[in-house]
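Q: Before I ask anything, let me first share the structure, which is written out below as structure tokens.
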Amino acid sequence: MPHSSSGVLPPYDRRGHLAGCSAGVAHHARHGRLECRVSEGEHGCDRRGTLAVTRAHGSVLPDPVKFVLTWGRRYSLWVFNLGLACCAVEFVAASMSQPRFGRLGAIPLADGPQHADLMVVSGTVTDKMAPAVQRLYDQLPEPRYVISFGACSNSGGPYWDSYSVTKGVDQLIPVDVYVPGCPPRPEALLQGILRLQDTIAGEADALTRRVTGRRLTAPLVRPHLAGP
């Protein structure tokens, strides 16, 4: 049972057992014979209620179980489209090809960010829209991924010198895969999803994925798929 150093039980709120994490109170999470001590600053709990164990202290799951979890996340990506401008039309064109998405193990239309694993940002991001983009990203449960789709989302595109345009969505949220083009072809998005799946397969921790700061990487799609 959660307890503080003074022996007084901490108050609970609507977050239930997650309140202990945010309050910095050490507590125990028991499942069967498995017991792990969790404290703020070392570990945390995500919105799915799973135990988040940092890589520095090792995972509580055996390697075969981690492999199965990683394999499942790789081929069951629920995609949320944050369509802001022109490139969103190309996302729609790609998502209408259901067999292609199904073969990749991706579901193109999640009910909302709370049910999505992957957010595809397509179109121009403005400074006025930046808080909304950040709020939508924060609603994605861990582990979460982002694909920047198109030149405007990558760097501002042809409007990069405008006073109102954010110079790339990676100024606001971490980006895993950049898909160049103005606009990119639908095949480029599928190639970007394949590259993201390769990244997921190489992750060491199957439970959580914590990102600190921005991760800047080169575009990860083939040049001949980037545009007409």
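Numbering (the numbering used here), first residue to last: -4 to 223. Glycine included, every Cβ here is placed at the ideal spot set by N, Cα and C. Treat the numbers as computed from the prediction; the structure is a model and nothing was measured.
Let me know the secondary structure DSSP gives Cys194 once reduced to three states.
A: Looking at the sequence itself, residue 194 is Thr, so the reference to Cys does not match. Helix at Thr194.
Q: From the DSSP output, read off the bridge partner residues of Thr161.
A: Bridge partners of Thr161: none, in fact.
Q: Distance check for Leu79 and Trp66, CA to CA, integer angstroms please.
A: In a straight line, the C-alpha of Trp66 is about 31 angstroms away from that of Leu79.
Q: Where do the ends of the beta strand (DSSP E) carrying Gly151 lie?
A: Note, Gly151: premise wrong, no beta strand (DSSP E); not H, not E.
Q: Across which residues does DSSP place Met114 in a beta bridge pair?
A: In DSSP, Met114 forms a bridge with Phe75 and Val141.
Q: Applying the 10 Å Cβ sphere with the 16-neighbour rule, what's the burial state of Tyr132?
A: By the 10 Å Cβ count, Tyr132 comes out buried.
Q: Am I right that Val116 and Val84 are in contact with their C-beta atoms under 8 angstroms? What's the rounded C-beta distance?
A: With a Cβ gap of about 14 angstroms, Val116 and Val84 do not count as contacting.
Q: Among Tyr70, Ala111, Arg98 and Gly97, which has the Cα closest to the Cα of Asn76?
A: Comparing Cα-Cα distances from Asn76 to each of Tyr70, Ala111, Arg98 and Gly97, the minimum goes to Ala111.
Q: Consult DSSP for Ala101 and reduce its assignment to one of helix, strand or coil.
A: Residue state, collapsed to three classes: strand.
Q: Is the separation between the beta-carbon of Arg98 and that of Ala196 shorter than 7 angstroms?
A: No, the Cβ-Cβ distance between Arg98 and Ala196 is not below 7 angstroms.
Q: Which value, in whole angstroms, describes the spacing of the CA atoms of Ser(-1) and Glu137?
A: Low confidence applies to Ser(-1): its pLDDT is 46, below 50, so where it sits in the model is not reliable, and the reading given next is rough at best. Roughly 27 angstroms separates the two Cα atoms.
Q: Could you give the residue range of the beta strand (DSSP E) that holds Tyr132?
A: Note, Tyr132: premise wrong, no beta strand (DSSP E); alpha helix (DSSP H) at Ala125 to Gln134.
Q: Once DSSP output is grouped into helix, strand and coil, what is the label at Thr65?
A: It is helical.
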